[in-house]
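*Asks:* What follows is a single structure, and I will ask about it in a moment.
In the numbering used here, the protein residues as written are -7 to 328.
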């Protein structure tokens, strides 16, 4: 499979211009089929070698962008580190396993995405995992609407009960009020585990005069109990673990919120699966709108929709991209 799109010349008033042959929904289907055909019949080792070959090409053609991208991956380690000079290939292993072991899951997701914008985003993310081509990400970046609040997909009313899981500094609460208005909800719950972040949430709720906001100093999970946080540093990247300096209560949303909920957002650094499992009762009983981050690893992109569909097969799925223009971050599954 070529690592570049094909082009054809067209005559314009300014001379001959090369236009991409990719155009329209059929091309998106064709691109996905090309990817499937390339991966099918190959094992993990073969796809890993293709991933690494394309990473070497990336480095040879744009060393600065390559180095910046690898620095990002190696700093956060959500997707696996990649330091070939030190024989550390975890990111390439993870990408290869995702593409080979879960190809049928990605086929299922592609068929269940409800618009071609979503399908194009999925195709380009998977192509990037294989090819490390920043152009694939630049094509899908869109800053038209606030993250989590695409008005073509999400409409809210004054009866909305919004649950913000992973509140950070309260920025999502603020953006909700900007997107829909301060009167477009009945109550907002905000879950955050980092004490330094919670202080900012409290200040921002007061600053923006947001009423009926309930701040939960807890983590959301599939069980009720306790986990640990390594530090109390102001950060958007904070993960719970079985060991750490600070203990944090964790709860099932099904048990912690005693009213119907209508809209759930999650961005908790790879903890979304466990938190979602703690919301299954709400999904079955309330059918809330969902906006879930699925970019913190290589499995949430397909696995969270599978969990949602199993709980309530009437959900419709959409994928939107709000992240970097050079590597895949901040992509969101909407379930409506």
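For every residue, glycine included, the Cβ atom is placed at its ideal position computed from N, Cα and C.
If we ignore side chains and look at the alpha-carbon of each, how far apart do residue 226 and residue 30 end up?
*Replies:* Confidence at residue 226 is low in this model, with a pLDDT of 45, below 50, so the placement of that residue is unreliable and no value is reported for it.
*Asks:* Using C-beta distances below 8 Å, list every residue in its chain close to residue 132, excluding the 5 sequence neighbours before and after it, in chain order.
*Replies:* 112, 113, 116, 117 and 313
*Asks:* Straight-line CA distance for residue 320 to residue 257?
*Replies:* So the alpha carbons of these two residues sit roughly 19 Å apart.
*Asks:* Contact defined as beta carbons within less than 8 Å: I believe residue 323 pairs with residue 311. What is the distance between those atoms, to the nearest angstrom?
*Replies:* Yes, they are in contact, since the Cβ atoms of residue 323 and residue 311 sit about 6 Å apart, within 8 Å.
*Asks:* Expressed to the nearest angstrom, what Euclidean distance is found between the alpha-carbon atoms of residue 166 and residue 201?
*Replies:* Approximately 10 Å, taken between the alpha carbons.
*Asks:* Going by the beta-carbon positions, is the gap between residue 126 and residue 318 smaller than 7 Å?
*Replies:* Yes; because the gap between Cβ atoms is below 7 Å, this pair is in contact.
*Asks:* How about residue 255 and residue 281: do their beta carbons lie closer than 7 Å?
*Replies:* Yes; because the gap between Cβ atoms is below 7 Å, this pair is in contact.
*Asks:* Taking its Cβ as the centre, do 16 or more other Cβ atoms sit within 10 Å of residue 60, making it buried, or is it exposed?
*Replies:* exposed
*Asks:* Considering residue 155, what are the terminal residues of the beta strand (DSSP E) in which it resides?
*Replies:* Its beta strand (DSSP E) spans residues 153 to 157.
*Asks:* Note down, one range per segment and in chain order, each alpha helix (DSSP H) of at least 4 residues found wholly within the region 33 to 86.
*Replies:* 36 to 53 and 55 to 68
*Asks:* Pick from 50, 210, 272 and 259: whose alpha carbon is nearest that of residue 243?
*Replies:* 210
*Asks:* Does DSSP classify residue 293 as helix, strand or coil?
*Replies:* helix
*Asks:* Whose C-beta lies closer than 6 Å to the C-beta of residue 308 among residues of the same chain, with five residues either side of it excluded?
*Replies:* Only residues of its own chain outside the window of five on either side were considered, and among them 106 and 328 have a CB closer than 6 Å to the CB of residue 308, listed in chain order.
*Asks:* Roughly how many whole angstroms lie between the Cα atoms of residue 73 and residue 87?
*Replies:* The alpha-carbon separation between residue 73 and residue 87 amounts to approximately 11 Å.
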